[in-house]
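See structure below.
Chains as they are written, first to last, in the numbering used here: chain A, 1403 to 1815; chain B, 1377 to 1916.
Pasting the structure below:
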């Protein structure tokens, strides 16, 4: 099967709609950033605490927020996770003192608000294995079902495993009879000592202000160094103008992606930075493939204006570009759809970035090359030292669509 | 040509075997297979569940302590040398940044004795730099080389103590390391598989600084009342310590006036264990002192029968019993709430006290249920992505698509084997990296196949077409891989934790990809084309 047999689209002729699209997207992104006071940083960069709680039956976000507000300082934000009973509770309290106790405060508040009076029983949703074993040891002996330490540990392990493979929640203690090793007598003891709470703490993260500032600095450094390194590499493999064009294209990709994050109110954390760097590498790939072709065609002394050569190169690599982008997009999309909530920001960045990265090679990087070529020709026309070494044209002057006359060119390297 | 092919074939088979061995070893049965598989893939904290902590050691505690004990020694030394003084006080460092600036101020040394005083300081307190403030006052600050040494010492002692505490808890896979190489004061603790982080944090954070002080007065209801007793200023050589909020032993509550320097300190404790209390029906923690401390303690208790002794844990008075008789090397701390409490306290006392307190700067706890879900999600996403790619390749490139698929599978095997051999840790972003590698791996194949198609279209025969296709695409493949690897390398160097995992899998995947796309794929083509039945046209 071959979709692109021998295409001859005039990409560069039709570049303006896409450039305008880019400008519009960039502007939209920048406006969104300005309106919202910068991108929405996750706690990695802002500092604060984030708790992921899975409920058996999720209460309203408002109820959760007001319950926590009474005890915790700082802004509490409760975000419901789509298609599940999970919530993400975050607070941006930034001073170290309040952060030390925030975990236990949050848990205590949630317990008080959403777990009915428990009479001192152990919450089976959040109990560690050792705590569970310790709790059951004596009552089991009293009920005549004493277990050796090893077997008790193994039992606690089995119960914990059962709970963890069911999204961390045991809805009803009777479910535990399905766990190997739980006899009716043991189940009775469990019911006596434990209760099935309403929520399970899936994860907890907090970042103090110092580390937050560290990570922010690190992220900025990483991105700048990566861009710089690539500029150097490309300038080394091609001429420096190619490097500049590639970096501008990549810059454009990054800014639009960050803008889209802002428009869709998605958080930017460390994994998103990793995604940004990946798509920087990926967009570079794309651009390099096209540039390679351009260079090869120049070396072969293909006839025609520079614009024509660039157009030809893009057409020649079109099949590869679309297919690779398509397939990489598919893998990123499957990550976005099936990869779970933790990677959501990361995969969104990739999905969006791949699309933008692909069209930026065609409609941003290449036009920059041509624009530069025109500018430098205009500059050097009087002085007779062209940017690219030219050879005398052997074909008669053809009227061309562009206003400015162009010479045939040949690569220096 | 034939011999070349055979050599290549064996080479590829050898690579596959080495990889499979790296992943599952030589299992004798299914159980061993699964066990080896689990052992070779190290799951990161975010997939396995566990806790990641960054703590900051409050160096100023240790520096203040040292200044305090040195100030007392200075007083003794000055008295012995007959150097009068009106006051020797410690100017405490309040924050971490100021830790090294702690100072001892000496007031009222008469000018004639200045020389003797200087002599005493330079002989016995060489770590301190003496700066005269005026004719009779001096200020001692720590020399920069000494404070640097002490800083490092406190940091490594804290690291070792926390390491010990964690080991005693049975967390064999936990690691404690300095977070960065520079002179910061941060420790990184990683505890995979921990499902009760609150208890571990509590244990780590408990400095378990046990000190026994001579009680000079109290208990007073509050600081104001205590100060009121001595007309607003504390008597020389004393300080106030509040008691722990729950006066479980009954003699707590309020504020005590104690001697400034403790009789017995944390490092003097040789052993500790939880015991069932004889008198009450609860638990207590018994401790045993070292030889030197035992002598000092015996001398002290012998001379102070009838007076009270304050047992201070982490700066709060636990209890203040009266000394009934001479005690030399053993003691008990009563009033533990449960066996767990008594044993936790014993653990803390045994593992040694932290030289300084710690505060938490970052914590990331992933519960085991989230870890299990993440693995499952990552797995499904991976399968979906890989299937989509394989189907697309087969449909678009027909039989050559099989080449690409085989190369892809080999790529995955090499990637997993490398992770296993390097002992690299697989994180959730790492899984994402694997999935991305699949997507990018296909790029190399596409580049090559497109070139081959071009050559075929230009009229070349299959063999030269394949040849030229591979050769021309090689340079582009190298270019694209190098740029992505550069960004990965930077991510690896400057990133942390999960992001590093992502960079590692992507880099290994790309490297493996160059091998499979160029070498293996080429081999399969060559092999196809070198078969006796001549191939009329490439299925591509």
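Just so you know, even glycine gets a beta-carbon here, dropped at the ideal spot from N, CA and C.
Unbroken beta strand (DSSP E) stretches of 3 residues or longer found wholly inside the segment 1620-1680 of chain B: 1631-1635, 1645-1652 and 1659-1665, given in chain order.
The alpha carbon of residue 1430 of chain B has as its nearest neighbour, out of B:1556, B:1492 and B:1391, the alpha carbon of B:1556. For the segment 1449-1490 of chain B, not one full-length alpha helix (DSSP H) segment reaches 4 residues or more. Secondary structure note for residue 1593 of chain B: its beta strand (DSSP E) is the uninterrupted segment 1586-1596. Going by beta carbons, residue 1659 of chain A and residue 1758 of chain A fall inside the 8 Å limit.
Partner residues in the beta bridge of residue 1507 of chain B, as assigned by DSSP, are B:1515.
Burial of residue 1755 of chain A is indicated by the presence of at least 16 other C-beta atoms within 10 angstroms of its C-beta. Sequence-distant partners of residue 1678 of chain B (beyond 5 residues in either direction) whose C-beta falls short of 6 Å from its own C-beta, in its chain, are 1702. Residue environment for residue 1602 of chain A: buried (at least 16 other C-beta atoms within 10 angstroms of its C-beta).
When secondary structure is reduced to three states using DSSP, residue 1568 of chain A falls in the coil class, being assigned neither helix nor strand.
Ranked by how close their Cα comes to the Cα of residue 1782 of chain B, the residues B:1858, B:1850 and B:1901 have B:1901 in first place.
The secondary-structure analysis by DSSP pairs residue 1605 of chain A across a beta bridge with A:1454 and B:1742. Going by DSSP, residue 1616 of chain B is part of the beta strand (DSSP E) stretching over 1614-1618. Among the bridge pairs identified by DSSP, residue 1418 of chain B is matched with B:1801.
The Cβ atoms of residue 1787 of chain B and residue 1885 of chain B sit closer than 8 Å to each other. Cβ proximity to chain A below 9 Å picks out 1862, 1863, 1864, 1865, 1866, 1867, 1869, 1870, 1871, 1872, 1873, 1874 and 1875 from the segment 1862-1876 of chain B. In terms of Cβ geometry, residue 1716 of chain A and residue 1778 of chain A do not form a close pair [threshold 8 Å]. Interface criterion not met: the Cβ of residue 1835 of chain B is under 8 Å from no Cβ in chain A. In the same chain as residue 1839 of chain B, and ignoring 5 residues on each side of it, the C-beta atoms closer than 6 Å to its own belong to 1905, in chain order. Not a single C-beta of chain B is nearer than 8 Å to the C-beta of residue 1508 of chain A. Relative to the Cα of residue 1491 of chain B, the nearest Cα in the group B:1477, B:1847 and B:1506 belongs to B:1506. Taking CB atoms only, residue 1787 of chain B has no neighbour in chain A less than 8 Å away. By the neighbour-count criterion, in which a residue is buried when 16 or more other Cβ atoms sit within 10 angstroms of its Cβ, residue 1753 of chain B is buried. Interface criterion not met: the Cβ of residue 1760 of chain A is under 8 Å from no Cβ in chain B.
Against chain A, the CB of residue 1801 of chain B has no partner CB under 8 Å away; the residue lies outside that interface.
Short of 6 Å from the beta carbon of residue 1508 of chain B, and not among the five residues preceding or following it, lie these beta carbons of its own chain, in chain order: 1514. By the CB criterion at 8 Å, residue 1587 of chain B and residue 1640 of chain B fall inside the cutoff. In the DSSP assignment, residue 1730 of chain A falls within the alpha helix (DSSP H) that extends over 1708-1740. Contact note: residue 1896 of chain B does not reach chain A at a C-beta cutoff of 7 Å; the least C-beta distance is about 19 Å.
Nearest to residue 1891 of chain B by C-alpha distance, out of B:1866, B:1854, B:1860 and B:1394, is B:1854. Proximity of residue 1549 of chain B to chain A, defined by a Cβ-Cβ separation below 8 Å, is not satisfied. When beta bridges are read from the DSSP output, residue 1566 of chain B appears opposite B:1428 and B:1551. A direct Cα-to-Cα measurement between residue 1652 of chain A and residue 1389 of chain B gives close to 40 Å. Nearest Cα to residue 1423 of chain B within the set A:1567, A:1707 and A:1620: A:1567. Burial check for residue 1542 of chain A: the Cβ neighbour count within 10 Å reaches 16 or more, so the residue is buried.
Between the alpha carbons of residue 1456 of chain B and residue 1532 of chain B lies a distance of about 36 Å.
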